[in-house]
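Structure record follows, encoded as structure tokens.
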Amino acid sequence: MTTLSFDSPADPILERRRQIQGIAKATVGRRKTYSRVAIGICWVFLVIAVIPLVAVILYTLAKGLPAWSTGFFTQPTKPEGIPNGGVWNAILGTVIIGAIATAVTIPLGLLAGLFLAESDGWAAGAIRFSADVMTGVPSILMGIFGYIALVRTFGYAGWIGAFSIGMIMLPVIMRAGETAIRGVDPHLSEAGLALGARKFMIARRIVLPAALPGIITGALLAIARGVGETAPLLFTIFGNQYLQANPTKPMEALPLVIYNYSSQPYADLIQIAWGAALLLMSAVLILNIGSRWLAGFLQRERR
Amino acid sequence: MAATSSEPLGRGQRHSRFSLPNGGYRAILIVGGAIFAALVIWFLYSIVNQSRPAFSTLGFSWIFQKTWNPNLKKFGLLPFILGTLETTAIAMVLAVPIGLGSALALAYLVPQRAKVLLGTAVELLAAVPSVVYGLWGVIALAPLFREYVEPFFSSTFGWTGLFNGADSGVGLMLAGSILFVMVLPTMVAISRDVLAVVPKEQVEGAMALGATQWQVLRKVVLPEARAGLLGAFILATGRALGETVAVALVIGNSDYIAHSLKSPSATLASLIINNFGEASGTELAALFGAGLVLLAIGLTVNSVARALVRRSGSSGSVASVAVA
Amino acid sequence: MTEQLSRPTVPTAPTPPTIEDNVNLTTGEVFLDRSTGHPVMQLKDVGVAFGGRAAVRNVSFDVFDREITALIGPSGSGKTTLLRALNRMHDTVRSAKVTGKIMLGDTDVYSGSTDPTLLRSRVGMVFQRPNPFPTMSIYENAVAGLRFNGVRKKALLDEAAESALVAAALWDSVSDRLKAHASTLSGGEQQRLCIARALAVEPEVLLMDEPTSALDPIATKRIEELIGELKSRVTIIIVTHNMQQAMRVADRCAFLLMGEDRTGELIEFSSTSKLFSEPDDPRTLDYVNGRFG
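Top line first, the protein sequences correspond to chains F, G and U.
Per our numbering, residue 534 is the first one in the first sequence, and the count goes up by one each step.
Per our numbering, residue 16 is the first one in the second sequence, and the count goes up by one each step.
Per our numbering, residue 3 is the first one in the third sequence, and the count goes up by one each step.
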């Protein structure tokens, strides 16, 4: 040890440094191998994760595109054996049901979101907690709810499907709205208050516009989630192989077509199911991408 | 955002003279909150009330009985409770390591450009409707499982006794695997977010002490993100427990307790969806009761996990990721 | 590696500044003067570039054993960038490239055979903001570096942790609550815990990146006193934007300045007294007199 010739041999610090560096040097090979193996496993897991996800998309594209004919978009569903069946009735149903659910849940969700953002009492706490819990409630229960609460009285109808789907969307919009509203700089509304503006005006003219990107993102994501749901519709809209634009009657919807046809033994129906799956998936992905783009766009506009 | 403040307040009056006094505004907000509260209570009341006949006719122990046979007026839920827990367990056993590993890779290992691309792709995949996964499972995966995956597991791990019975494709294994694929994007997207927000100073602090890359991730990043990771786990578990149509398409729908991973089985959700059409009377009440049990399992998982997060000292993350 | 450190490889070393026996003001413990009077680190024509754009270049100076060397200069002059090159913290930034030569004893810091993790166990670092690991207790924080480096022996961990906490003037206030979370400490205490955490590995050089910039004046004073006490134990390189601080604690100073092309360069390197009283370069004089920056 040349070290010690320069220093007091009894120096505990240099002695410990020698000891620690010895251990570090002796173990570095093992530690680095361990690290490389663990990091390698992370990479492998990433590949494993990507494979099935890419497979779903590609498979749906490959099987669904051939189903997209003019008749697919213009004809209603037809029983097995009758050619030129489409999903026009299901597209219409999904659009109408989605529109009703959106039209009702967005204003209601925003009001409740504003309430949550502006209140801190036990009632707001309880509502916030239930909203969090409700986002995690399995969607099938919302279908059962719609059935028990409304179908038994009014019969199967498109608007009840919208109700069940709205129950899924509502807590998402509420919490997204609350988060966006709470994110607005409090100085803005204080300035409004100082000018003597009423709270309603402040909410309408200052808070809501400032929170708009977050609200829109939340709403679009909620819609995307809502229109993709199958289980709630099975209990509420029943399905209808004829074109039906009246939401007080049983309706068809894209998820129902996919679900019902996928367990059929007929190749032409399964092809329709793939076509519908591709359509539904594209719609949901476009809503998602659109919400990101719009949020980013509005964010930039404000600067 | 600053532009909003420069917008003169008076401009509002030009568009609309309508306004509300503060009290009225407050009242409307309260009505909004109250409507939601009423819906939640109505929801709980409906399910509890409609499943009551099952409890009064069959007694409480009905939930844990083994036989489901409407002809014999037996509506035991045990096979379905087990099926629900088993498929979820299979999904989570796969999703936790693979999701965590992928999230670590996405947050810390992948180059910047690929990070954005892969990250967005994963987030989008979390939005693919479950029925699409179900269709893919029953058409594309079931034959694959029947011809290759199940024979492989039977011959390789047959000695464990977990893979007895015929190779049918559909069953617990396929249902668990489909659920795994379905919850994976949720797991990865949220985990990646919470891992990525661990402060850079912490990462550098560990690096500067001579930690290897894995030590940094394992000893500093993962522990600091654990509350958020638990949130990702809860959300993914909740989704797996309650998933209905995808599972109903691939699980094989048997009313008996599965004796192997290849056996057809059923979950509470798939039981409800498959029997709902023809059910009436006590059976219908029992199906609603199955829904209630499903709700109870979900709420238990949720509140246990919330309590764990609270105990581990970090706050808020679960609530915030729940919306994400 | 320790052998390499102390071997008198550079015979041209100037006469070392004499350092009297150091007394730890908190404990009264007397440290030995371990200074060998030789350079521990040598920088030759060092430059750092990000994505082809030079942030700092042409830096050459020697860092002497058990001295405190301060890197001073206005913001943007590349002090922190240069400091982080010394323990290869730029390795994680893909676009970063370090040129020139940095020697730690006989070890070429950027040679392919030098392991960055082993290097960092020899060159510790304290950051601008206190960054104790929030999920670990005070004790676990203190021994974190040792554990990273493969030390498992409880006796050695305990001994090193106590010694480091004593040296960081933290032992008296935390010895009875070593299991408490690091987040229960005040900002100044957290920074001292970070210093202890770095010291516990017994590095040869300790890099400090504006270690008091996030602290209040009282905590700053305590850290400055601490730095003075530490130099009997470890060679310190400190980045500071505070000239009084450099004057108070440093033996030598390196003055960096951003040139016309926004790249930091070394203007002057000399003993603190010379740099502040009769610098060679007029720009140094301007800066230390507060005329710009």
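Glycine included, C-beta positions come from ideal geometry on N, C-alpha and C.
- Contact annotation: F:Y792 and G:V146 have beta-carbon atoms nearer than 7 Å.
- Only residues of its own chain outside the window of five on either side were considered, and among them E711, I714 and R715 have a CB closer than 7 Å to the CB of F:A650, listed in chain order.
- Residue burial is scored here from C-beta neighbours: F:R661 has at least 16 other C-beta atoms within 10 angstroms and is therefore classed as buried.
- As DSSP reads the structure, U:D211 sits in a beta bridge with U:V241.
- Cβ neighbours of U:S97 within its own chain (closer than 6 Å, five residues either side excluded): F52 and G53.
- Just so you know, the alpha carbons of G:L237 and G:E216 end up roughly 15 Å apart.
- Under the three-state reduction of DSSP output, G:P112 falls in the helix class.
- Where F:Q777 is concerned, there is no enclosing alpha helix (DSSP H), because DSSP gives it neither an H nor an E.
- Per DSSP, the unbroken alpha helix (DSSP H) holding F:S672 starts and ends at S672 to G679.
- Distance between F:L598 and F:Q804, taken at the CA atoms: about 9 Å.
- Here G:V218 is near G:V231, since their CB atoms are less than 7 Å apart.
- Judged by beta-carbon spacing, U:I70 lies within the 7 Å limit of U:A252, meaning their Cβ atoms are closer than that value.
- In terms of Cβ geometry, F:G676 and F:S697 form a close pair [threshold 7 Å].
- Residue pairing from DSSP places U:V125 in a beta bridge opposite U:V207.
- Between G:I287 and F:F578, the CB-CB gap reaches or exceeds 7 Å.
- One finds E216, E219, G220 and A223 in chain G with Cβ atoms closer than 9 Å to the Cβ of U:F129, taken in chain order.
- In summary, F:P612 is exposed, with fewer than 16 beta-carbon neighbours lying within 10 Å of its beta-carbon over all protein chains present.
- Residues are counted here when their Cβ sits less than 8 Å from a Cβ of chain G; for the region 72-95 of chain U these are N89, M91 and T94, given in chain order.
- Under the 7 Å criterion on CB atoms, F:T560 is classed as interfacial with respect to chain U.
- Within a 10 Å sphere around the beta-carbon of U:H40 sit 16 or more other beta-carbons, which makes this residue buried.
- Legend: CB atoms of the region 257-268 of chain G lying less than 7 Å from CB atoms of chain F belong to residues G257, T259, V260 and L264.
- Contacts between F:P671 and chain G, judged by CB atoms closer than 8 Å, involve G253, L256, G257, E258, T259, A284, L309, L310 and G313 in chain order.
- A contact is defined here as three or more CB-CB pairs under 8 Å, and the region 110-118 of chain U fails this definition with respect to the region 58-72 of chain U.
- Annotated as distal: U:V290 and U:M210, with beta-carbon spacing of 7 Å or more.
- Judged by their CB atoms, U:Q130 and U:S185 are not nearer to each other than the 7 Å cut-off.
- For U:S123, the nearest beta carbon of chain G is closer than 7 Å to its own beta carbon.
- Secondary structure of U:A98 (DSSP, three-state): strand.
- With a beta-carbon spacing of about 6 Å, F:V684 and F:I693 fall inside the 8 Å limit used to define contacts.
- Taking 9 Å as the Cβ-Cβ cut-off, the region 149-161 of chain U approaches chain F at F150, N151, G152, V153, R154, K155, L158 and E161, given in chain order.
- Interface with chain F (7 Å Cβ-Cβ cutoff): G:L59 is excluded.
- Sixteen is the threshold: since fewer than 16 other Cβ atoms of the shown chains lie within 10 Å of the Cβ of G:F172, the residue is exposed.
- Burial state of U:L172 is buried, judged by a 10 Å Cβ sphere holding 16 or more other Cβ atoms.
- Rounded to whole angstroms, U:I239 and F:F733 show a C-alpha spacing of 59 Å.
- The C-beta of G:A226 comes closer than 7 Å to at least one C-beta of chain U.
- Counting the other CB atoms within 10 Å of its CB gives G:S206 a total of 16 or more, which places it among the buried residues.
- When the beta-carbon positions are compared, F:A809 and F:V790 come within less than 7 Å of each other.
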